[in-house]
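Count the sequence shown with mature numbering (1 follows the signal peptide of the UniProt record, and there is no 0) and you get residues -22 to -1, 1 to 647, in order.
Quick reminder that beta carbons are idealized off the backbone N, C-alpha and C, glycines included.
These notes are about the structure you will find just below.
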Amino acid sequence: MKNIILPIVASISVLASNHIYASPSSTGAPTTFVHLFEWSWPDVAKECETFLGPQGYAAVQVSPPSEHITGSQWWTRYQPVSYQLVSRGGDRAAFIDMVSRCKAAGVDIYVDTVINHMAHGSGTGVAGSQFGNKQYPIYSPNDFHQTCAINPEDYGNNPWRVQHCELVGLHDLDTDAPYVQSQLTNYLNDLLDIDVAGFRLDASKHIPANDIGDILGKLNKQSVVFQEVIDQGGEAVQASEYFQNGLVTEFKYSIKLSETFKTGQLAWLKSFGEQWGFMPSYKAVVFSDNHDNQRGHGGAGSIVTFHDGKLYELANVFMLAYPYGYPKVMSSYEFNGNTDAGGPTVPVHQGNHLNCNAQQWQCEHRKPFITGAMRFRNHTNDDWSVQNWWDNGNNRIAFSRGNLGFVAINRESNNMNVRLATGLPAGTYCDELSGGKSAGYCNGRTITVDGDGTAQISLSSMDAIAIHHQSMTTDTPNDGDGDWQRTVVFIKAQTQSGQDMFVRGGLDHNAASQRGLQCDQNSVLCQIPIRHLNLRNQTTAPWKSGDTYLDWQATEPGQSNQAQGTALDWTTNVWPANWGEKKTYDLHGFGESGLNQWGPHYWKLDVEMDCSQTHQGWFELKAFVKNGQGWESDILQANRPYASNNHFAQCGKLNVFEFGKNTHLIQAL
């Protein structure tokens, strides 16, 4: 095990293992962990190997692994029946395999442990253990506190009842008793022997702090410990009582961060942290949301969650960029208002397919903004200061982490364009939020810092950038390298006013995997760099800003959230007099186009494209009409280079298609 660099003022040594990463070029020392809520052990293991390790995450919090009651609801995992490692996540062998594979990938495992109580009622656990009337495989009625309920008012004035009565009817263990402590110690030591690196202690507020200290004092190895203590002020049980045992969850952080991003002013965040009444940074585990409060439970308020889209990503960018606490990134699933619903029935990793989508696993930790901000924190952790703070008095902010990094956030509805001090030396830097740097080149946007340390920062609405001292580059793929050629695509589609066409494309992931490109692990490999040549259309130009790739995503980091991919412009071959003032593609960015030889309703994409990133000159695309037909149907184009249901176009050529049809025309420009 090794020292993880916790993001705190006074460094605390905790235990983990040396990290070696494949991509991006540099990830920095790990400073952030992720909660893969309700993920199975095989899925966690594969995620460690394919994403978390290479990107630079420190650890994974996994759901409780011990035997629990039956049922599909997520909270069944928090009603233990025994301490056998058999759960909805998998059996003991799968758990051991997960820990081993994650450790080999440089990622530690933190286990969510339930040691305050046992399951309510009677029945059979998922491993076949019988329970009922406070009888469990290793416990009898004498091992529990008396049956009494915690009343709402107890949380403000009766710490004894909070810690000795039953939380929502769950049988409360007598954690002061030597026998109970020995059983809990055996459970935790078993996990440590498997190479688990740390624990979240669920419902710690309901266990006297000294009891937790006694249990931890009997462990065979040192470990990371963070205790769930919901203390929003005025509580009979206070978070500070638990500092003696390790880290503590700071729930006020989540609430205040969410309130500020939802209804406040980001300018307020200049002093975010202890000055807001939070616990000391070196004791705090922080998060934008967690599995409880995103469902309205456990200290909930007006919490920002994945349902808030770009706002959620910006809140996480701030959390990861600002120096306070040990941050935890949430990785959720869609529950469609059913706050009891368990995880999707499909695995996250299904062969080479990733089930991260709007109606299944959310995979927030894979969002480029969140992953990039995590890497930014890794690279700036050595300077635990905020300098060069700037705000506009409202919802635009920027600051540097000493001379190690700089971040800017625009949470306003209009574009931001301002020159700011970055604290960084002169040079060209790769923005971490749009892909960072690989092999010396930028995968996304670049920021140029002048000799005086300032940079012109241009951000669209709901956008952010983050650069750091190790993201400097001397070149980018968009400057000189590659085989850049003008490429034009026309797609005919009858549309009406208020409808717009977008395309998504690049290389097919499955076909690319046969050529050794693992695009499911690194989607950049199947993206094709582009430069838009038409920014004259006032409607589509904002959607093209930040659109530097033809890819399969709706929006890129830095691209307007109104976009649905790469925007096209409406054209015709002739603008009739009865249409009013003549609009031309050359002057207005839409209308009559000299290249259009066929008629009205031919939507045009005009870009420079790096042909070296295509498949022998070929690339794929599929069209989407916003506020109209939506996606076109599958295409079966003749003379295609490999099997696919999309249009095939050639780089450096004029390509003509019809929406939803197999016809195509390719000719020289």
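Looking at the DSSP output, A351 bridges to nothing.
Setting aside the 5 residues that flank it on each side, Q594 is surrounded in the same chain by P619, each with a C-beta closer than 7 Å to its C-beta; the list follows chain order.
Contact check for L247 and S266: beta-carbon distance about 13 Å, past the 8 Å limit, so the pair fails to qualify. Taking a C-beta distance under 8 Å as the contact criterion, N421 and C408 qualify as a contact pair. In this chain, the beta strand (DSSP E) harbouring M308 covers 304 to 309. Scanning its chain for C-beta atoms nearer than 6 Å, with the 5 sequence neighbours on each side dropped, one finds around D588 the residues G460, W462, P507, in chain order. Cβ neighbours of S590 within its own chain (closer than 7 Å, five residues either side excluded): G460, D461.
Taking C-beta atoms as the reference points, P520 and L411 fail to come closer than 8 Å. Just measuring C-alpha positions, the residue of E131, T54, H149 sitting nearest P43 is T54.
Residue pairing by DSSP places W609 opposite F602 in a beta bridge.
In chain order, N94, H95, I128, A181, H184 place their CB closer than 8 Å to the CB of L145, counting only its own chain and leaving out the 5 sequence neighbours on each side. According to the DSSP assignment, D588 belongs to the beta strand (DSSP E) that extends over 580 to 588.
Where F229 is concerned, the enclosing alpha helix (DSSP H) starts and stops at 229 to 241. Residue pairing by DSSP puts K470 in a beta bridge opposite Y580, E636. For K288, the closest alpha carbon among the candidates S391, A97, A616 is that of S391. Each of Y563, H566, V552, G567 was checked against the Cα of Q575, and the nearest Cα belongs to V552. For H642, the enclosing beta strand (DSSP E) starts and ends at 642 to 646. If you draw a straight line from the Cα of A72 to the Cα of S18, it is about 9 Å long.
Scanning its chain for C-beta atoms nearer than 7 Å, with the 5 sequence neighbours on each side dropped, one finds around A399 the residues N366, G431, T432, in chain order. For Q159, the enclosing alpha helix (DSSP H) stretches over residues 156 to 171. The secondary-structure analysis by DSSP pairs H625 across a beta bridge with L599. When DSSP reads this structure, M96 sits in a beta bridge with H149. If the five residues before and after A319 are omitted, its C-beta is found closer than 6 Å to the C-beta atoms of F313, all from its own chain and listed in chain order. If you look at G383, you'll find it in the beta strand (DSSP E) that goes 383 to 388.
In this structure, N330 and T9 do not form a Cβ contact; the two beta carbons are roughly 30 Å apart against a cut-off of 8 Å. Around the beta carbon of W530, a 10 Å sphere encloses 16 or more other beta carbons of the protein chains shown; the residue is thus reported as buried. For N294, the closest C-alpha among the options K261, T238, D69 is that of T238. Between A23 and S60, the C-beta gap is not smaller than 8 Å, which leaves the two residues out of contact.
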